[in-house]
Amino acid sequence: MSTTAFALNGLVAVPVAFALLAALLRRSERAAVTVAFVGSLAALGWSLWVAMLSRSGLEANRVDQDWIAAIDVSWSLGVDGISAPLLVMTALIGACCFVSLFRHAPACGGQGNLAALLLLIEAGCLGCFLALDMVLFFVFFEVALIPMWFVINSWGDEHDEPGRRRAATRFLVFTVLGSALMLVGFMLVRSIAGTFDITEVARQADGAAYDLGSPTAVLASVLVGLGLAVKTPLWPLHIWLPDAHSKAPTVGSVLLAAVLLKLGAYGFVRFWLPVTDPTWELLVPLVAALAVVAIVYAALACLVQTDLKRLIAYSSVGHMGFVVLAVATFTEAGVQAAVYASVAHGVITGLLFFLAGAIKDRHGTADLDRLRVLYGKVPRLAGVFAFAAMASMGLPGLAGFWGEMLAIRSAVDQSPALPESTFAVLAVLAAVGVILTSAYFLVLLRAMAQGVPGDRLGADAADIADVDALEWLAWAPLLALTVLLGVMPGLLLSPVAEASRAFFGGA
Amino acid sequence: MPQSIDWLAVAGPLVLALTAVLVLLLDAFLGSPHARSGGHLPAMLTVLGVTGAAVPAALLWGERRATFCVGPGGGEPCSFVVDDFTLVFWAVVIFGTGVVALLGTAAVQEGRTPQGEWCFLLLSSATGAMTIAASRDLVTLVVALEVVSLPAFAMAGLRRGDPRSAEAAVKFFLVSVISTAVMLMGVSLVYGVTGTVFLEPMDRALEAGAGPRNVAVAGTLLTIVGLAFKVAAVPFHMWIPDTYVGAPIAVAAYLSVVSKAAGFVGLILVLGFGLRSFASVWEPLVAVLAALTMTVGNLLALWQQQVVRLLAWSSVAQAGYILVPFAAASTSGALAASMGYLAIYAFVNLGAFAVAAVVGTAHPGQQMSDYRGLVRQRPALGWALGFALVALAGLPPGVIGLLAKVVVFNAAAGPATWLAVVMAVNVAIGLVYYARWLFELFAAAEARPAYRVPAGAGLAVAVTFLAGVVFSVFPGLLLDPVLAALR
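Going down the list, the protein sequences come from chains A and B.
Letter by letter, the first sequence follows residues 1260 to 1766 in the numbering used here.
Letter by letter, the second sequence follows residues 33 to 519 in the numbering used here.
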């Protein structure tokens, strides 16, 4: 096996192997989590290695093997500047989740199994970011679902069993509906291009051998987009998300928000852009408009949320709106913005969900009416939360800023094939969304963190511990990355630009 | 006129038929139906018999043998053809019959099902199922289809002193007889128009425009209706739930896999070989049937609390998925997708039935709550059932179930995209009830007295589970030859 094959297959195999190992360690839950943590560290190291390899481009870094020859499905994995940042982000978030699992074992036990399931989810997501074959992408897409269903169903909100069951099943049904539609779209793409290999499809589309304007191609693009829109999610297909995120356990919410949503975003970049015709007046502006609706709608919804986790979940809908808006501009800058905003959202929202979990554990509630004066009671925790909230609302100098700024910029300077005035209006509306985002985070901080000590929950303030060492360990990488990406955006932008030129041809 | 018979080609069904006679004779002379000690002997013989039938089948792979031909030389129409298409179904029948025979041993302990007769009937029916896959003329096909069904009525009613079992048999009998009558009517019309019962000459005659077209169309429609009863396509599905619930569970497994496969073989042969040039007539019809079948099956499965009834409705829905490629049958290789799905569905569905049969020995009521905590109490059973359910739902780790759906989508997307979209929606609906059952398996439960797993049924669980896992890791092993068999 060549080095590339070893590196790429290994990146999927390592978490799976450690997941099996963790599941077999029935005797000791602690040992199982340790094994899983080691596995996630191995995957993190491995992903860094793969990311180093990725600098030589997609063609030099791919493996192709027959998988099911009868229907032309091949085992094609590859890595380039678009997927590498997402791979590293996924592996990093995974490792942080296990540290958090050490810190806070779920009340209902079975954390060994939980750790194994989390690793499986991680493996599925890594596979998704590596897959170049459309069917393989779909298969990896599905790999993460059943484990996530279990995570929400078995380890979710312990106070609301019917609620978490409903949330888990709704998550499963919506996502599968989306991916099944996406699969039909992929089959249509293949009926035109004669291959499931997306790089080959992109090449054909670039060279006009794949007629993007034909009815079948348009239908394929609609179906693929619809499927990904459920996953990303795009308004109005987001209705599965707030429940799933708020009922899942902390590590589940983190993975859902930071990683699983990125499968949709990445799918838009890698699998939707090449098969979509920007000159068709209906589809692309509609997608962009829905993305902007999502931004504004999510911000307004956040203003009236009473549950901290639900609020963060809705804020994710808005952030993913920026990603989709950027993708829908059909420019290199748009791809840059989409990847950048995806990574930034993963890091920041992952952090926010960790913090929400920490707050919920300490106070036994995530109800915003009952959370008061956190600056007075848990100053460090509240400080970190304020930092993450600032990053999420797009404070310049932190990671969140570039994602939103680049997305709006790409919308102003969209592909010439797209209607200019429409996108100008959308860019303005998205900017209004940025202001609304700041508004709800500031309202949140005002209500939750500030105030006069002594009222309501103030009495038991002494019993509540502030951030401890393990929590610092779990959050530090994310905090550091938020600052690093904020001050050095070029770190991510130039490899993405190169990869996008190589992948989309002249686009 | 003496015929030369290719004995190797007919060896498969012949071995099964001879084993059936042997089982019956041995049972008459040696066994007492009430002796529990000897209860396993017929099942063992049956498994031996199907293994024996597998040998000639394996020898024939890659060849095409034809026998019972009209006329002396080659190129004449033949009634009995063994090619890769036939062999794929033989494999399904052999595997399915073996597993069902093993499942039947779960009822030995209870002592209400005469084992000798049961195995005899099973083997007789399987003989018919093998024959139908090799038949290339309508008469052989209809006769073989009846050979599948007649013993099955008796099997459904075999459990002594059980009025529901008898009711199941009567219902099944009535529906089946009606469907046969309708189908015979259709067949005779088509024969009247084309003047031949052989499938390929029939297709050529229709293509050349033989006879009044209206009569041929009417014959086609009636034939489809008859076969739709056999595969339980909606609206011809009413007999399924009551029959499955009333019959012994091994019989339900047999009906849902082998007997249904026989129906689909009939459909593929009649539509894909005999009436291919009429595809424009029957494609839209079958497409509507497929859409109805999967939607009704899935929606009604949503409400079931009794697992056999749930499996019954789920098998209706799965039949809908198998019908989908028929809507795109004029594209080359589309019907191979149906075969692929059927082959995968066979062992996945048998896996679910196998665990249900074992659990049924302790909980004859088969309520979904009886499965609560199965994974903790009996990990092997629980995981096997869990795997079968995710594979039926079409999700990893049941990769093979997922690929079955991929194969069908692949056939339908393009020629019948709307149907593929309907199917996508249905796949999502289907998840709800599979997930509900899955939830029960993994839920915490109070400790309950463990029950004994009958050796044969345990083996059936192991075999089906193993097949599922192996083919999930190496799907090409199964899909490559199956999809290549009908090109």
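Beta carbons: idealized from backbone N, C-alpha and C, even for Gly.
Computed from a predicted structure; not experimentally measured.
Nearest-angstrom beta carbon gap, residue j and residue i [assumed within contact, 8 Å]
| i | j | result |
| --- | --- | --- |
| B:V340 | B:I281 | 6 Å |
| B:Y286 | B:M187 | 7 Å |
| B:A360 | B:A279 | Not really, about 34 Å apart at Cβ, beyond 8 Å. |
| A:L1391 | A:G1337 | 5 Å |
| B:W39 | B:A89 | Contact flag wrong, Cβ pair sits at about 14 Å. |
| A:M1446 | A:L1487 | Rounded, the Cβ-Cβ distance is 15 Å, inconsistent with contact. |
| A:G1593 | A:V1586 | 6 Å |
| B:T520 | B:A165 | Nothing can be reported for residue 520 of chain B: it is not among the residues displayed for chain B, which extend from 33 to 519. |
| B:P357 | B:V440 | 6 Å |
| A:R1569 | A:S1505 | 5 Å |
| B:L355 | B:F310 | Rounded, the Cβ-Cβ distance is 17 Å, inconsistent with contact. |
Exposure of residue i, with buried meaning 16 or more beta-carbon neighbours within 10 Å
| i | result |
| --- | --- |
| A:S1261 | exposed |
| B:Q336 | buried |
| A:Q1564 | buried |
| A:Q1324 | exposed |
| A:S1680 | exposed |
| A:P1675 | exposed |
| B:L515 | buried |
| A:T1588 | buried |
| A:N1320 | buried |
| B:T255 | buried |
| A:F1357 | buried |
| A:F1396 | buried |
| A:E1730 | buried |
| A:A1735 | exposed |
| A:W1305 | buried |
Residues bridged to residue i [DSSP beta-bridge criterion]
| i | result |
| --- | --- |
| A:T1509 | None; A:T1509 has no bridge partner. |
| A:V1322 | A:L1336 |
| B:R97 | B:V114 |
| A:A1724 | DSSP, once it has assigned bridges, lists no residue as partnering A:A1724. |
| A:I1327 | A:V1332 |
| B:S167 | B:F112 |
| A:A1390 | A:L1336 |
| A:D1626 | A:D1566 |
Straight-line Cα distance separating residue j from residue i
| i | j | result |
| --- | --- | --- |
| A:Q1595 | B:A452 | 34 Å |
| A:L1471 | A:L1542 | 12 Å |
| B:V222 | B:G243 | 9 Å |
| B:D169 | B:M234 | 9 Å |
| B:F100 | B:L91 | 20 Å |
| A:L1379 | A:V1275 | 6 Å |
| B:D116 | B:A517 | 5 Å |
| B:A322 | B:L332 | 15 Å |
| A:A1718 | A:F1612 | Confidence at A:A1718 is low in this model, with a pLDDT of 47, below 50, so its placement is unreliable and no value can be given for it. |
| A:A1272 | A:D1725 | 38 Å |
| A:P1344 | B:K437 | 32 Å |
| B:H269 | A:T1458 | 46 Å |
| B:G178 | B:I300 | According to the sequence provided, residue 178 of chain B is Glu. The question's Gly does not apply to it. About 17 Å. |
| B:F127 | B:T83 | 9 Å |
| B:V485 | B:R410 | 10 Å |
heavy atom of the ligand FMN below 7 Å from residue i C-beta
| i | result |
| --- | --- |
| B:L332 | This structure simply doesn't include the ligand FMN, nor any ligand for that matter. |
- Message: Using a Cβ-Cβ cutoff of 8 Å, what residues of the region 390-411 of chain B are near chain A? List them in chain order.
- Response: none
- Query: According to a CB-to-CB cut-off of less than 7 Å, which residues of the region 1329-1345 of chain A neighbour chain B?
  - Reply: A1329, I1330
- Query: Of all the residues that make up the region 1362-1374 of chain A, which are near chain B by a beta-carbon distance shorter than 8 Å?
  - Reply: Residues: none.
- Message: Give me the subset of the region 1263-1285 of chain A whose CB atoms are less than 9 Å from a CB atom of chain B, sorted by chain position.
- Response: none
- Scan the region 315-347 of chain B for residues whose Cβ lies nearer than 9 Å to a Cβ of chain A and list them as they occur along the chain. Flagged: no residues at all.
- Message: So if I threshold CB-CB distances at 7 Å, which residues from the region 443-463 of chain B count as touching chain A?
- Response: The region 443-463 of chain B vs chain A, Cβ under 7 Å: A445, G446, T449, A452, V453, A456, V457, V459, A460, L463.
- Message: Counting only Cβ-Cβ distances shorter than 8 Å, please list the residues of the region 1391-1424 of chain A near chain B, keeping chain order.
- Response: Residues are counted here when their Cβ sits less than 8 Å from a Cβ of chain B; for the region 1391-1424 of chain A these are V1394, F1397, V1398, E1401, V1402, L1404, I1405, W1408, F1409, N1412, S1413, R1424, given in chain order.
- Using a Cβ-Cβ cut-off of less than 7 Å, give me the residues of the region 496-516 of chain B that come near chain A, in sequence order. P507, G508, L511, D512, L515, A516
- Query: Residues in the region 470-495 of chain B with C-beta within 9 Å of chain A's C-beta atoms, listed in sequence order?
  - Reply: Within the region 470-495 of chain B, the residues whose Cβ lies closer than 9 Å to any Cβ of chain A are, in chain order, L470, F471, F474, A475, A476.
- Query: the region 1454-1483 of chain A: which residues have C-beta closer than 8 Å to a C-beta of chain B, in chain order?
  - Reply: T1475, L1478, L1482
- Query: Using Cβ-Cβ distances below 9 Å, what residues of the region 1521-1537 of chain A are close to chain B?
  - Reply: none
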